[in-house]
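Enquirer: Those sequence lines, one after another, are chains A and B.
First residue of the first sequence? That's 53 in this note's numbering, and the numbers climb one at a time after it.
First residue of the second sequence? That's 2 in this note's numbering, and the numbers climb one at a time after it.
C-beta: ideal position from N, C-alpha, C; glycine also.
As the structure is a prediction and not an experimental result, all values here were calculated from the model.
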Amino acid sequence: MNQKEFMQVVAPFQNKLFRLAKRLLVSKEEAEDATQEIMVKLWNKNKNLGAYTNVEAFAMTMTKNYCLDQLKSKRVVNSGSLTIDYQDQSINLENQIEDQNTLKWVEQCIEELTIAQRTIIQLREVEELEFSEIAKIVEMNETAVRVALSRARKTLKNKIEQIQNHGIKN
Amino acid sequence: MELRIKKLLENYFEGTSSVTDEQTLKTYFSSGEIAPELAKYKPLFSYYVEDKKQIFERELELKKAPFLRSSYIKIAAIITLFLGISWFYFSTSTTENEELGTFDNPEEAFIATHEALLLVSKEVNFGIENARHLEEFEQSRKTIFK
């Protein structure tokens, strides 16, 4: 496989890798570095790549594992962003205004979930993968994925209801 | 419609909705007609739709297998080192095996040894003679410093 052919293989899913990396590492810069790193790793596996029936799922698993390692190596990566000032977020329900601010606090709510939940949320809600595909990527069984997803969705539901009802956390 | 959406939402939070159901929810929440009591969930679904628009913007750079390259260098270094050590070992061990000028006849050997020792002692005596001059320094030191 030459470089051009390789690019054609990875092109359909490289954005997915990037988005998953960003969900886990939060910083765009770090997510780009991670994506780059995964691509180089895949390129080095070049010859054996044909042996994988699903290169995309394989690449997603690699990305997930790579990001987990990155997070482990510097455990307190985004402790700063966890203190969210919910009072600032005035939500204009009457006009249904959807500004960057609203999207920002949804993102912050997701950041507060566990790493496994964030991974599953990303794969299901954004990438719209089936449970069987997610199970392979996160190396869990389908039931466990379903349970974790439901739990994450309910957590987000509660947070959103709290924010919308009071405009303050708790 | 609203009743159906409510049912879908219920399934959604239980984790029993299908991908198609969830796409229906996304479409519903991006439409202009959302039931007021459901409006609170709109940001969630809009967020997921927005998030998918992010793309990897960096120019991909595929370096030529850095691990492979470095391992070749390592192998080359090991071979060089091995050759160097073996060359050193063989060159020193051959000199050990070389003829060192031994004598078969013991008398000849005695004479040669005697000559060699004489040469050494002569040189040593020459050195000692020069050292005798030091005694003069010692004497003058004694006269000056009592």
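#1: Please list, in chain order, the chain B residues whose beta carbon lies closer than 7 Å to that of E185 (chain A).
#2: State the DSSP-derived secondary structure class of N217 (chain A), mapped to helix, strand or coil.
#3: List the whole-angstrom C-beta distance separating S47 (chain B) from F30 (chain B), where the pair is believed to meet the contact cut-off of C-beta under 8 Å.
#4: Are the region 54 to 61 of chain B and the region 65 to 82 of chain A touching, with three or more C-beta to C-beta distances below 8 Å?
#5: Look at the alpha carbon of R203 (chain A) and the alpha carbon of K75 (chain B), and state the distance between them as a whole number of angstroms.
#6: Using a Cβ-Cβ cutoff of less than 6 Å, which residues in the same chain neighbour R75 (chain A) once the five nearest sequence positions on both sides are dropped?
#7: Helix, strand or coil: which one does DSSP assign to E62 (chain B)?
#8: Would the beta-carbon of S188 (chain A) fall within 9 Å of that of T115 (chain A)?
#9: What are the boundary residues of the alpha helix (DSSP H) that Y194 (chain B) is part of?
#10: Using a Cβ-Cβ cut-off of 6 Å (strictly less than) and excluding sequence neighbours within five positions of M53 (chain A), which residues of its own chain qualify?
#11: According to DSSP, is E108 (chain A) helix, strand or coil?
#12: Given a threshold of 16 other Cβ atoms within 10 Å of its Cβ, counted over all protein chains shown, does G16 (chain B) qualify as buried or as exposed?
#13: I need the straight-line Cα distance from F127 (chain B) to L84 (chain B), nearest angstrom please.
#14: Three-state secondary structure (DSSP) at D140 (chain A)?
#15: What residues of chain A sit near F14 (chain B), judged by a beta carbon separation below 8 Å?
#16: How far does the alpha helix (DSSP H) with I129 (chain B) in it reach, from first residue to last?
#17: Nearest to N56 (chain A) by CA position, among B:Y73, B:L63, B:L120 and B:K123, is which residue?
#18: In this structure, does DSSP put M2 (chain B) in helix, strand or coil?
#19: What in chain A is Cβ-close to R59 (chain B), meaning under 8 Å?
#20: So which residues of chain A does S204 (chain B) contact, with C-beta pairs closer than 8 Å?
#21: Which term fits Y42 (chain B), buried or exposed, when burial requires 16 or more other beta carbons within 10 angstroms of its beta carbon?
#22: Who are the neighbours of F70 (chain A) on chain B, taking C-beta pairs under 9 Å?
#23: Do you know offhand how far V121 (chain B)'s Cα is from Y73 (chain B)'s?
#24: Determine whether the Cβ of L123 (chain A) lies closer than 9 Å to any Cβ atom of chain B.
#25: Kindly indicate the opening and closing residues of the alpha helix (DSSP H) around T154 (chain A).
#26: I'd like to know if K188 (chain A) contacts chain B, where contact means its C-beta is closer than 9 Å to some C-beta of that chain.
Expert: Taking the structure as given:
#1: What E185 (chain A) touches in chain B: nothing, since even the nearest Cβ is about 10 Å away.
#2: helix
#3: 6 Å
#4: yes
#5: 51 Å
#6: R170 and Q174
#7: coil
#8: Note that residue 188 (chain A) is Lys in the sequence shown, not Ser. Cβ atoms of K188 (chain A) and T115 (chain A): not closer than 9 Å.
#9: Residue coverage of chain B in this structure runs from 2 to 147, which leaves residue 194 (chain B) outside it and unanswerable.
#10: N98
#11: helix
#12: buried
#13: 48 Å
#14: Per-residue confidence for D140 (chain A) stands at a pLDDT of 43, beneath the threshold of 50, marking its modelled position as unreliable; the derived number appears in the next sentence. Here D140 (chain A) sits in helix by DSSP.
#15: S202, R205, K206 and K209
#16: P107 to R133
#17: The sequence as given places Lys at residue 56 (chain A); Asn does not occur at that position. Nearest C-alpha to K56 (chain A): B:L63.
#18: coil
#19: E84, T87 and Q88
#20: Since the first and last residues shown for chain B are 2 and 147, residue 204 (chain B) lies out of range.
#21: buried
#22: Q55, I56, F57, E58 and R59
#23: 56 Å
#24: no
#25: Q152 to E163
#26: no
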